[in-house]
Amino acid sequence: MGNAIEAEGLGRSFGEVEAVKSVDIEVADGEIYGFLGPNGAGKSTVVKMLTTLLKPSRGSARVLGHDVATAADKIRLDIGVALQDASLDKKQSGREILRMQGRLYGLTKPEVDKRIDELAHLIEFDAIDRMVDTYSGGMERRLDLAASLMHNPRLLFLDEPTTGLDPTSRAFVWQEVKRLNEELGTTIFLTTQYLEEADELADRVGIINAGTLVGEGSPTELKSEVGSDVIVARVTGNVAAAEAAVAALEVVDHIDPAGDELVISVTNGAAAVSPVAVALDASGVQVAELTLRTPTLDDVFLELTGARIEVDA
Amino acid sequence: MTATTDLSDSARPADVIRARPSGFLSDLFTIAGRGLRSIPREPEVFIPAIFIPAFFFIVNIGALQDLTEAIPGNSDFDYRAFQMPTAIIFAVTGISRAPGLVTDIQTGYFDRLLLTPTRRVPLLLGLQIADFVLVCALTIPVIILGFILGVGFETGILGFVFFVLMAGLWGLAFTGFPYAIALKTGNPAAVATSFILFFPFAFLTSSTVPFERMTGWLQTIARFNPLTYILDAMRVVLSDGWEWATIGKGLLAIGIVFVISQSLAMAALRGRVNQE
Ligand SMILES: Nc1ncnc2c1ncn2[C@@H]1O[C@H](COP(=O)(O)OP(=O)(O)OP(=O)(O)O)[C@@H](O)[C@H]1O
Ligand SMILES: [Mg+2]
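Those sequence lines, one after another, are chains A and B. In terms of the working numbering, the first sequence has 40 at position 40, counting the first letter as 1, and numbering is strictly consecutive. Count along the second sequence from 1, add 1000, and you get the number used in the working numbering.
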């Protein structure tokens, strides 16, 4: 077992803008790696560098054992990529796109036909021979995924594969990602803004914010860093005073304010609820809502970056 | 940093279909095939390229035939034959898949192609093959119109083929300019303005009036316009016979334009592919 991806100090600037400052990533063969970050964090830029579309400004990366700077052609043979926006030619039919894709990967005609049959389940019945400009957004996404799988890549990059999809299509993509990983052993590097997506799919998650990797680990590890339980208090009044009062409690590990909410990490939730409630009351704020739950990746993100992840609709 | 091993094939079933380098020619035909498939799907690209020159052909003849043929000492001048190469040059100059290439760049399909193991040069040359085929095909209706108006080939069927190829080669040589702009800017408006290049090429030359009859200043400019020599070459094939000195100059002119425009296009392709 080796590493499918190894990046060291990888960074990219566009003029003055440091889109990606410096990231170190290791993705093991056979793993699903979730690259989580908000809009503009640098996810797509990292994907483009790892897939040989963009030259890094600094640092180095090896993909499937080959250096992105010197052996791009070797890498391209074995990776599949579905970029953030479905990249298709609307004036071809689904079948024509897949066929062309197969030919460019050196497949013979019978191989191309066989692969199209194998991938047909991704594309809605009937749609494959229609022009792509008649497809819905979700159908384009699936065709794009099929196109990136034509040559059975060992390593698959998916840049926000479910952004903008309805729940059914999202579930479908999730299921397909799991199937590719479990049945074919495909290594998957997946970017997302959705915490639940990273939680559901990824063996390991890297959290990127403003061009910097701020945390990494399995979803469970990351969540346990926040604490074993989280108390969320929605308050009105002097939030800062409430924060200070709660932070002084011994049972509280730490506290992150997020708007009118206080996200309070504790080791033993049940035992901490009442002291927290008392402290809040004593500080003079009105408590609109008090919830006890286990941490989510959202809490991890908040703790690491000081802000909740903002997702566009 | 731990050592990265090349992942072994043995970990995967033996009958799994895998990618392999596909070869330059195969890539070229794949890209050209897509270009050719898309031509009939975008008739808006080539329909004007037939009607505009046909219009000029007929109107110029109507306006200038009697005048030019009445010039003393010009009695064997045939203005219809003189105008046919002009009409063909108007039809083929500036025809290319560059607007389609910009669309590919904007939709990200070009990136999808760049992600394949395909060599980079066929991504441009393949489109140009499709252009060459289209441009040759576009000369046919104009030649038919010429036949209807009574223009025949002095050099016979071989002359006809040569004439079509020459128009095709000129059309191909010109495509480098819009491709250079498309690859450099990725901007549809910029590509549309490459049409402006057509005007000096097409009008500062013997397109409407024979070279000897031009005003002095225009003659000076036309002397440096490659189209002057290309039109001359096409006209001798049409009306006089295999005059290789004139034909050779025409081919050389095409060659020079091709080298310049293609260098620009290749440099723009390198720039885009390297993503500096
Ligand atoms: N070609 C470019 N030229 C200039 N700036 C760029 C370019 N590409 C990306 N950027 C900038 O780099 C930063 C990171 O962009 P990137 O697309 O990698 O983010 P992202 O995490 O993929 O965001 P999103 O979730 O919106 O897709 C942004 O500030 C963006 O504006
Ligand atoms: Mg992105």
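All C-beta atoms in this analysis are idealised placements derived from N, C-alpha and C, irrespective of residue type, glycine included.
For a Cβ distance threshold of 8 Å, residue set Arg1034, Arg1037 and Ser1038 of chain B lies close to glutamine 92 of chain A, ordered along the chain. Under the DSSP assignment, lysine 1249 of chain B falls in the alpha helix (DSSP H) whose first and last residues are 1244-1274. In the DSSP assignment, arginine 103 of chain A falls outside any beta strand (DSSP E) and lies within the alpha helix (DSSP H) extending over 94-104. Within the segment 150-209 of chain A, the runs of alpha helix (DSSP H) that reach at least 4 residues and sit entirely inside it are, in chain order, 167-184 and 195-201. Per DSSP, the continuous alpha helix (DSSP H) segment holding glycine 1171 of chain B begins and ends at 1156-1185.
Across the set A/Phe157, A/Glu111, A/Pro167 and A/Glu303, the C-alpha of A/Glu303 shows the shortest separation from the C-alpha of isoleucine 264 of chain A. Around the beta carbon of glycine 9 of chain A, fewer than 16 other beta carbons lie within 10 angstroms, which makes this residue exposed. The set of residues whose C-beta lies within less than 7 Å of a heavy atom of ligand 2 reads, in chain order, A/Lys43, A/Ser44, A/Gln84, A/Asp159, A/Glu160 and A/Thr191. When the five nearest sequence neighbours on each side are left out, the beta carbons in the same chain lying within less than 8 Å of the beta carbon of glycine 102 of chain A are those of Glu111, Val112, Arg115, Ile116, Met150 and His151, in order along the chain. The beta carbon of valine 266 of chain A lies closer than 7 Å to those of Gly227, Asp229, Ile231, Val251, Val252, Asp253 and Ala272 in the same chain, with the five residues before and after it left out.
8 Å or more divides the Cβ of glycine 164 of chain A from the Cβ of isoleucine 123 of chain A. In terms of Cβ geometry, glutamine 1106 of chain B and glycine 1159 of chain B do not form a close pair [threshold 8 Å]. It is roughly 12 Å from the alpha-carbon of leucine 36 of chain A to the alpha-carbon of leucine 222 of chain A. Against chain B, the CB of glycine 106 of chain A has a partner CB under 8 Å away; the residue lies at that interface. Residue burial annotation: valine 1016 of chain B is exposed, with fewer than 16 other C-beta atoms found within 10 angstroms of its C-beta. Checking the DSSP bridge columns, you'll see asparagine 3 of chain A partnered with A/Ala28.
Cα atoms of valine 1045 of chain B and alanine 1137 of chain B: separation of roughly 13 Å, rounded to the nearest angstrom. A residue is called buried once 16 or more other Cβ atoms fall within 10 Å of its Cβ, and histidine 121 of chain A, having fewer, is exposed. Distances from the CA of glycine 1156 of chain B to each of B/Ala1268, B/Leu1238, B/Val1257 and B/Pro1043 were compared; the closest alpha carbon is that of B/Leu1238. No residue range can be given for valine 1151 of chain B, since it is assigned to no alpha helix (DSSP H) and is classified by DSSP as neither H nor E. Bounds of the alpha helix (DSSP H) holding leucine 119 of chain A are 109-119. When the beta-carbon positions are compared, aspartate 78 of chain A and alanine 1019 of chain B come within less than 8 Å of each other.
Looking only at A/Asp299, A/Val81, A/Thr70 and A/Arg141, the smallest Cα-Cα distance to glutamate 225 of chain A is reached by A/Asp299. Along the segment 151-174 of chain A, going in chain order, the ones with a CB nearer than 8 Å to a CB of chain B are His151, Asn152, Pro153 and Arg154. Setting aside the 5 residues that flank it on each side, serine 1096 of chain B is surrounded in the same chain by Asp1131, Thr1175 and Pro1178, each with a C-beta closer than 6 Å to its C-beta; the list follows chain order. Identification of chain B residues near threonine 212 of chain A by a Cβ-Cβ cut-off of 7 Å yields none; the smallest Cβ-Cβ distance measures about 20 Å. Between serine 22 of chain A and the set A/Asp29, A/Gly30 and A/Arg12, the nearest pair of CA atoms involves A/Arg12.
Close CB contacts of leucine 1145 of chain B within its chain, under the 7 Å cut and outside five residues either way in sequence, are with Ala1054 and Phe1057 (chain order). Annotation for threonine 236 of chain A: the continuous beta strand (DSSP E) segment containing it runs 229-236.
Threonine 236 of chain A sits away from lysine 43 of chain A, with the two beta carbons spaced by 8 Å or more. Proline 1200 of chain B is outside the set of residues whose beta carbon lies under 8 Å from a beta carbon in chain A.
Put simply, of A/Arg204, A/Val63, A/Leu143 and A/Ala69 the residue whose alpha carbon is nearest the alpha carbon of leucine 88 of chain A is A/Leu143. Residues of the same chain with a CB within less than 8 Å of the CB of glycine 217 of chain A, apart from the 5 flanking positions on each side, are Arg204, Val205 and Glu225 in chain order. Under the rule that a run must span 4 or more residues, the alpha helix (DSSP H) segments found entirely inside the segment 1038-1072 of chain B read 1043-1069. Using a CB distance cut-off of 8 Å, arginine 103 of chain A counts as an interface residue toward chain B. When secondary structure is reduced to three states using DSSP, arginine 1119 of chain B falls in the coil class, being assigned neither helix nor strand.
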